[in-house]
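Residue numbers (my numbering): 11 to 632.
Virtual Cβ for every residue (Gly too), placed ideally from N, Cα, C.
Remarks on the structure that follows.
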Amino acid sequence: MTAESTLPAEAELPDRPTATRMLAPWVFWPAAGLIIAITAFSIIAPDLANAVFNSLQSSVINSFSWYYVLIAAFFVAFALYLGFSRYGDIKLGKDDDEPEFSMIAWISFLFAAGMGIGLVFYGVAEPLSHFSNPRPGVTGTEIELAQQAMSQTFLHWGVHAWAIYVVVGLALAYAIHRRGRPISIRWTLEPLLGKRVRGGWGNLIDVIALVGTVFGVATSLGLGVLQISAGLEKTGIAESNLTTQIAVIVVIVGFTIMSLVSGIGRGMKWLSTTNLLLAAALLIFLLIVGPTAFLFRDFVQSMGNYLQGFIGLSFNVSAYAGEAGEQWQAGWTTFYWGWWMSWAPFVGVFIARVSKGRTVREFVGGVMLVPTVLTFLWFSVLGGNAIYRELYGQGGLVAADGSVDADSALFDLLAGLPAGTALTFGAILLIGIFFVTSADSGALVMSMIATGGSAEPLKRIRVFFALLASFLAIALLVTGGLQTLQTAAILSALPFSVVMLMICAATITAFSRERRAYERAQRAQFVDQIGTFYGLEVEEPLLRETVHPLRAALDRLRKKAAKNGGGLSQVTEDAILADTGLRSPDNIAQADAIVEDEVETLQALQAELQANQKRERDKPSE
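Next comes the structure, spelled out in structure tokens:
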């Protein structure tokens with residue numbers, strides 16, 4: 011007997027939720043209206059919008075930077091607890107479901123989820139920035155600063171990011187594959203809110219998730235555009251300015267929409283595979299032509315430094331660094347935790363859909379370990395090449411004032427390598443394909459949420475969200491470029507972080523209920539088979555189950571009736587045995603039904619006893 015067998019079959023679930031391909035109006039219109047209003051405001055009055063964004067960012071950073079750091083650390087602890095706890099063997103699917111994909115295929119999917127525009131944008135820029143302009147208060151020799159730079163980068167791209175994705179992805183996978191719910195964030199909170207997820211509370215949760223996802227996708231698209239325009243300038247094709255950036259968005263989004271409308275969307279799978287191959291080729295090439303032995307040593311040593319300083323790095327909020335510390339925190343750690351949380355519905359849906367048949371332990375271990383190690387290798391190769399060049403080579407990647415141009419840092423590194431021009435064009439192609447696949451898959455996830463969880467939303471809905479995210483990216487670029495993109499990610503994540511905390515509580519509630527049901531079923535199975543275990547002859551369950559409270563009550567009443575000279579009628583006793591089902595219940599639902607009938611049954615027994623006693627009193631004495 012398994013935990014699943016103690017639960018009602020999916021087909022028997024009352025008022026089973028359904029999803030359609032059409033819009034969920036109370037989710038779509040509030041979310042779309044809010045995003046359109048912000049987009050219009052940013053384009054019409056960019057200076058005022060920039061001032062508003064900066065004011066909001068300062069308020070959030072001053073008041074909540076500690077909160078972002080604290081909950082990110084909590085999500086890591088929560089994910090690890092689920093993986094190592096007694097809940098680890100719960101299956102994300104039916105008990106007899108096998109994993110839908112092989113281990114190798116599943117790992118490749120997880121790696122694909124981790125690869126994106128951000129890795130290409132920050133692969134060189136972030137380690138180099140932490141090296142040349144470290145966190146306020148961090149001092150030391152160049153070697154020490156280089157080691158600290160890699161540790162800080164690993165913090166931002168390591169287990170914290172993937173623990174955030176685990177929180178959403180695991181709850182979604184459980185709701186989708188084990189409970190048969192639609193693909194929508196609201197259903198992750200069903201164990202906590204019950205039927206209220208079908209009404210206003212559920213709509214509010216999906217609105218928050220949808221707005222956060224749009225901002226998360228727009229942030230990634232904006233970063234991609236900044237880097238593509240910088241690459242075009244390096245190759246002499248066009249200047250890197252706002253006009254070029256808008257033109258890049260229009261061209262790439264136009265291609266994405268054409269693929270959606272014309273039905274060649276199947277090519278997206280081919281593009282995704284091609285992109286992974288291009289990224290792998292770039293990584294291997296840089297590993298070979300660069301200081302190979304140094305890069306491997308850097309990879310191993312940086313992981314050790316990261317693990318050694320993990321606790322201190324995780325809880326560092328630059329409390330004693332003043333305004334400079336607050337600005338650094340806003341531009342890096344708080345931005346990343348906000349970005350990952352706003353990106354969590356998108357990545358969560360992806361990893362949930364490909365994880366059917368996995369256990370909770372496999373899910374947590376695979377999601378937190380595999381992409382993290384591969385990401386560390388990526389930064390060790392790209393960032394390690396850049397830092398090695400600054401320490402021991404020709405330099406030139408850091409400006410005289412210590413600043414690093416994040417938009418062009420990758421192309422500056424590639425220009426100094428063999429076949430630098432070809433590598434630059436290859437990198438532009440890589441980022442462009444990432445842009446297309448991010449816009450396409452992001453539009454799919456946003457459409458799923460907007461339709462209440464449809465696995466195949468209408469094409470026109472996907473086109474709308476592709477356009478919406480793109481226009482929002484343009485608006486944020488017009489307003490203030492990279493800083494505004496970071497502000498948008500931080501602000502949009504704040505309300506969704508509350509939803510994520512609720513998801514944690516709901517997940518524990520669901521898993522606890524399932525474990526209790528499983529343990530009760532296990533005990534019942536053990537009692538039924540105890541004779542087999544010990545080689546004993548055991549009575550049938552109907553005859554031996556004297557410990558059942560109703561059986562005990564029946565026996566007590568029978569003894570009282572006999573003592574008073576009467577007895578329960580055979581008809582009444584047979585009816586009681588049949589109606590109350592005094593036998594091993596088939597499942598928890600039947601057991602609950604028995605308990606609900608207990609009061610009426612005891613009342614019937616008492617009435618029978620009283621009637622016997624009355625007949626005894628009325629019998630004429632001899």
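Kindly indicate which three-state DSSP category residue i falls into: helix, strand or coil?
i    : result
T461 : coil
K469 : helix
A603 : Any reading at A603 needs caution, since the residue's pLDDT is 47, under 50, leaving its predicted position unreliable; the model's value is listed next. Three-state result, A603: helix.
D628 : helix
T369 : strand
G335 : helix
L33  : coil
R526 : helix
N622 : helix
R189 : coil
A21  : With a pLDDT of only 35 at A21, under 50, the local geometry of the prediction cannot be trusted, and the value read off the model is given with reservation. A21 falls in the helix class under three-state DSSP.
A50  : helix
E152 : helix
S75  : helix
N251 : coil
G491 : coil
G209 : coil
A362 : helix
G246 : coil
R533 : helix
A485 : helix
L233 : helix
N326 : coil
A503 : helix
R145 : coil
A55  : coil
S194 : coil
W167 : helix
G226 : helix
With a Cβ-Cβ cutoff of 7 angstroms, do residue i and residue j count as a contact?
i    : j    : result
I438 : G241 : yes
I471 : A156 : no
A453 : F475 : yes
G179 : A465 : no
V169 : M378 : yes
D417 : Q237 : yes
I193 : G463 : yes
P146 : T163 : no
V455 : V359 : yes
I459 : L220 : yes
A42  : T489 : no
T447 : L281 : yes
S451 : P467 : no
R188 : G103 : yes
V235 : V258 : yes
If distances are taken between C-alpha atoms only, which option among the options comes closest to residue i?
i    : options                : result
G393 : A159, A61, E152, V148  : A159
A289 : S451, W388, T163, V408 : W388
F84  : G358, A171, L407, R145 : A171
G405 : S390, L423, D415, D411 : L423
L323 : A115, L120, L165       : L165
V79  : W350, I262, L220       : W350
I81  : L504, S69, A291, V271  : L504
Y403 : G426, T382, L384       : Inspection of the sequence shows that residue 403 is occupied by Gly rather than by Tyr. Comparing Cα-Cα distances from G403 to each of G426, T382, L384, the minimum goes to G426.
N395 : I127, T385, T382, L420 : L420
F345 : Q620, S75, A621, D628  : S75
N143 : L182, W39, A122, D415  : D415
T431 : Q337, V310, T245       : T245
A115 : L231, T283, Y97        : T283
A181 : W39, L44, E529, A520   : A520
G128 : F445, V473, I518       : F445
Taking 8 angstroms as the cut-off, does the stretch 54–63 touch the stretch 487–507 (at least 3 CB pairs, one atom from each stretch)? yes
Please give the ranges of any alpha helix (DSSP H) in the stretch 378–455, keeping only runs that are unbroken, at least 4 residues long and fully inside the region. 419–425
Which whole runs of the beta strand (DSSP E) in the stretch 79–113 are 3 residues long or more, in chain order? none
Decide if the stretch 369–378 is in contact with the stretch 191–210; the criterion is three or more beta carbon pairs, one per stretch, under 8 angstroms apart. no
Whole alpha helix (DSSP H) elements within the stretch 256–310, 4-residue minimum: 277–299
Stretch pair the stretch 351–370 + the stretch 109–127: three plus CB contacts closer than 8 angstroms: yes
Please determine if the stretch 219–227 and the stretch 199–208 are in contact, where contact requires at least 3 C-beta pairs separated by less than 8 angstroms. no
Specify whether the stretch 39–59 and the stretch 474–490 touch according to this definition: at least 3 beta carbon pairs, one from each stretch, less than 8 angstroms apart. yes
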